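Have a look at the structure below, then the notes.
Chains as they are written, first to last, in my numbering: chain A, 1 to 267; chain B, 268 to 521.
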């Protein structure tokens, strides 16, 4: 057995995979949440739609996204595999277990919370990621008045009302009308897709439940990842604890949950 | 006999490791609050012997909290409801008259039940044999001051070395992981100059043996630290993780 195999078949090595992928996924959540805040912008979705183009065409981001998909798979299946092995480490259980006396419930429920998140990711990627990449999302045309900044949008359709498409992901042209410059932007209208999806209260409920799961999962998971890497020191433990609790268990899930609720209740 | 307690014990009885085992209920009367938990079991066993029944097998030795032999899982917690004590140092005043107390053996694949509440913890011995030592030539001990050890390191090494190997960490862990025990035994040498020569080999061998024994993996719940009668710190687990990863990446061995 090579050292590499030995390391990544040991319990610590396998946990290292879970920790590294988990921490990487945590950094992704920050980017994903901050980027998606553009959904709240009152511009008929133009910046969000242009952001979607950027995120699906920039070579660096595309490369990272493939690492991300692999990380999700490794994290989920290695985690479940270890959870299964851990069950086998105690085949006969206790009649009475007083878990709350010695540990936080989130730390004892990572498998269940993670499974909820995995189901959510499948639904979420099927709704938006697969739809954007392989589905038929209609195009939208924005007309931005470069003098006043006012934005108007209309569906990109021909005279008969049939949806038109363009060869590129986005097409931008500047035109002049009555001495005023306008910027025309044609792109896929993922924003409308999002708005439509979040009109479904059941889907919104799934999203909100999933964000609770994300919050509780990361409340333990983020700091646990550092411990597995061997990073435990009084100097920086308070910072890890703070990030775990406030950023990853509160702000990030609350920001994500606000998006579907915004479309269901306000928009 | 005022102030004495009447209790109901639900005790795991199992003839041998192949027996399925089941709970037996025993009422015990006139228990002094000043008795230790094990003395209460002595009273029960005296009665069972007088009745011609099989006494409850349980592990014990020093009965002063330092040997690590006693190992009862009491009302869902190893060594019972108190923090920082072993079962032998748990007194009946920690319970109330009329309580029902459930007593189980440590549960883990690596700790098979021998009989009743006694489990086989020789998996720990095999982990120690794999590398939990330093190799020194025999002869006179050298002068203590010839090896300088910073006070903080000496204290941390000593704190790790207070582990009595009772197995409460494994019993408390939802994954039956032995990481707290193994990390304490790795750390007590890793922190001292005498432990440096075999530092990498030690952590690699001890973790390999720990895995071979069928202990689960650590999910950092912290249950072990909370239940450890000696208060062994989770920072030892982080140190072992660091040492293990570092050793795998840099050891000279193929």
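All residues carry an ideal CB built from backbone N, CA and C; glycine is no exception.
Quick caveat: nothing in here was measured; it's all calculated off a predicted structure.
Could you confirm whether any beta carbon from chain A is found closer than 7 Å to the beta carbon of residue i?
i: residue 268 of chain B; result: Only weak support is given to the placement of residue 268 of chain B: the predicted model assigns it a pLDDT of 48, under 50, and the question is left unresolved by the model.
i: residue 511 of chain B; result: yes
i: residue 468 of chain B; result: no
i: residue 500 of chain B; result: no
i: residue 278 of chain B; result: no
i: residue 452 of chain B; result: no
i: residue 459 of chain B; result: no
i: residue 390 of chain B; result: no
i: residue 283 of chain B; result: no
i: residue 433 of chain B; result: no
I want to verify the contact list: residues of chain B whose CB lies under 7 Å from the CB of residue i, in sequence order.
i: residue 110 of chain A; result: 486
i: residue 47 of chain A; result: In chain order: nothing, as chain B lies at least about 40 Å away.
Apart from the five residues on each side of it in sequence, which residues of its chain come closer than 6 Å, Cβ to Cβ, to residue i?
i: residue 292 of chain B; result: 277
i: residue 268 of chain B; result: Low local confidence applies: a pLDDT of 48 at residue 268 of chain B is under 50, so the model's placement there is unreliable, with the coordinate-based value given in what follows. These residues qualify, in order along the chain: 297.
i: residue 211 of chain A; result: 253, 256, 257
i: residue 222 of chain A; result: 26, 244, 248
i: residue 118 of chain A; result: 76
i: residue 335 of chain B; result: 431, 432, 433
i: residue 61 of chain A; result: 55
i: residue 380 of chain B; result: 281, 284, 372, 386
Using a Cβ cut-off of 8 Å, pull out every chain B residue sitting near residue i, in sequence order please.
i: residue 162 of chain A; result: Neighbours of residue 162 of chain A on chain B: none; closest Cβ ~55 Å, over 8 Å.
i: residue 268 of chain A; result: Nothing can be reported for residue 268 of chain A: it is not among the residues displayed for chain A, which extend from 1 to 267.
i: residue 224 of chain A; result: 486, 487
For residue i, which residues of its own chain have a beta-carbon under 7 Å away from its beta-carbon, when the five flanking residues on both sides are left out?
i: residue 495 of chain B; result: 435, 436, 447
i: residue 104 of chain A; result: 220
i: residue 157 of chain A; result: 163, 164
i: residue 114 of chain A; result: 76, 79, 217
i: residue 423 of chain B; result: 458
What in chain B is Cβ-close to residue i, meaning under 9 Å?
i: residue 114 of chain A; result: Here the premise fails: no neighbours, minimum Cβ distance about 11 Å.
i: residue 244 of chain A; result: Per Cβ cutoff of 9 Å: no residues; residue 244 of chain A is ~12 Å from chain B at best.
Mind listing the chain A neighbours of residue i? Cutoff is C-beta to C-beta under 8 Å, in chain order.
i: residue 517 of chain B; result: Here the premise fails: no neighbours, minimum Cβ distance about 10 Å.
i: residue 344 of chain B; result: 98, 101, 102
i: residue 439 of chain B; result: 102
Leaving out five residues before and five after residue i in sequence, what residues of the same chain have Cβ atoms less than 8 Å from its Cβ?
i: residue 420 of chain B; result: 458, 459
i: residue 150 of chain A; result: 144
i: residue 290 of chain B; result: 277, 278, 279, 280, 369
i: residue 14 of chain A; result: 8, 78, 81, 82
i: residue 305 of chain B; result: 325, 327, 330, 337, 354, 355
i: residue 394 of chain B; result: 445, 448, 449, 452, 473, 476, 477, 480
i: residue 515 of chain B; result: 471
i: residue 116 of chain A; result: 209, 210, 213
i: residue 107 of chain A; result: 220, 224
Is there a C-beta anywhere in chain B that falls below 7 Å from the one on residue i?
i: residue 230 of chain A; result: yes
i: residue 26 of chain A; result: no
i: residue 71 of chain A; result: no
i: residue 107 of chain A; result: yes
What does residue i touch in chain A if you count any residue whose Cβ is under 9 Å from its own?
i: residue 506 of chain B; result: 230, 232
i: residue 490 of chain B; result: 99, 101, 102, 103, 107, 108
i: residue 290 of chain B; result: 95
Anything in chain A within Cβ reach of residue i, meaning under 7 Å, just list it in chain order.
i: residue 494 of chain B; result: 102
i: residue 443 of chain B; result: 89, 90
i: residue 340 of chain B; result: 94
For the ligand ATP, any of its heavy atoms closer than 6 Å to the Cβ of residue i?
i: residue 192 of chain A; result: For the ligand ATP, the structure offers nothing, since it holds no ligand at all.
| task | Using a Cβ-Cβ cut-off of less than 8 Å, list which residues of the region 3-22 of chain A approach chain B; keep chain order. | result | Cβ contacts with chain B come from 3, 6, 7, 10, 11, 12, 13, 14, 15, 16.
| message | Tell me which residues of the region 82-101 of chain A have at least one Cβ-Cβ distance to chain B shorter than 9 Å, keeping chain order. | response | Listed in sequence order: 82, 83, 85, 86, 87, 88, 89, 90, 91, 92, 93, 94, 95, 96, 97, 98, 99, 101.
| Counting pairs of beta carbons, one from the region 182-189 of chain A and one from the region 66-77 of chain A, are three or more of them closer than 8 Å? | With a cut-off of 8 Å, the region 66-77 of chain A and the region 182-189 of chain A do not count as touching, because too few Cβ pairs lie within range.
| query | Does the region 452-471 of chain B come close enough to the region 391-400 of chain B that 3 or more CB-CB pairs lie under 8 Å? | reply | Per the Cβ contact rule, the region 391-400 of chain B is in contact with the region 452-471 of chain B (3 or more Cβ pairs under 8 Å).
| said: Under 9 Å, CB to CB, which of the residues in the region 473-484 of chain B have a partner in chain A? | reply: Contacts with chain A (Cβ-Cβ distance below 9 Å) from the region 473-484 of chain B involve 474, 475, 477, 478, 481, 482, 483, 484, listed in chain order.
| message | Between the region 353-365 of chain B and the region 252-261 of chain A, can you find at least three pairs of beta-carbon atoms closer than 8 Å? | response | Segment contact: the region 252-261 of chain A against the region 353-365 of chain B, fewer than three CB-CB distances shorter than 8 Å; contact not assigned.
| request: Could you name the residues of the region 28-45 of chain A whose beta carbon sits closer than 8 Å to any beta carbon of chain B, in the order they occur along the chain? | output: So the list is empty, because no residue satisfies the distance condition.
| request: Using a Cβ-Cβ cut-off of less than 8 Å, give me the residues of the region 363-375 of chain B that come near chain A, in sequence order. | output: Against chain A - using a Cβ distance shorter than 8 Å - the residues of the region 363-375 of chain B are 369, 371, 374, 375.
| request: Could you tell me whether the region 93-113 of chain A touches the region 338-349 of chain B, where touching means 3 or more Cβ pairs closer than 8 Å? | output: Contact between the region 93-113 of chain A and the region 338-349 of chain B is present, because at least three Cβ pairs lie under 8 Å.
| message | With three or more beta-carbon pairs closer than 8 Å as the criterion, would you say the region 499-516 of chain B touches the region 222-235 of chain A? | response | The region 499-516 of chain B, when compared against the region 222-235 of chain A, does touch it at the 8 Å Cβ threshold.
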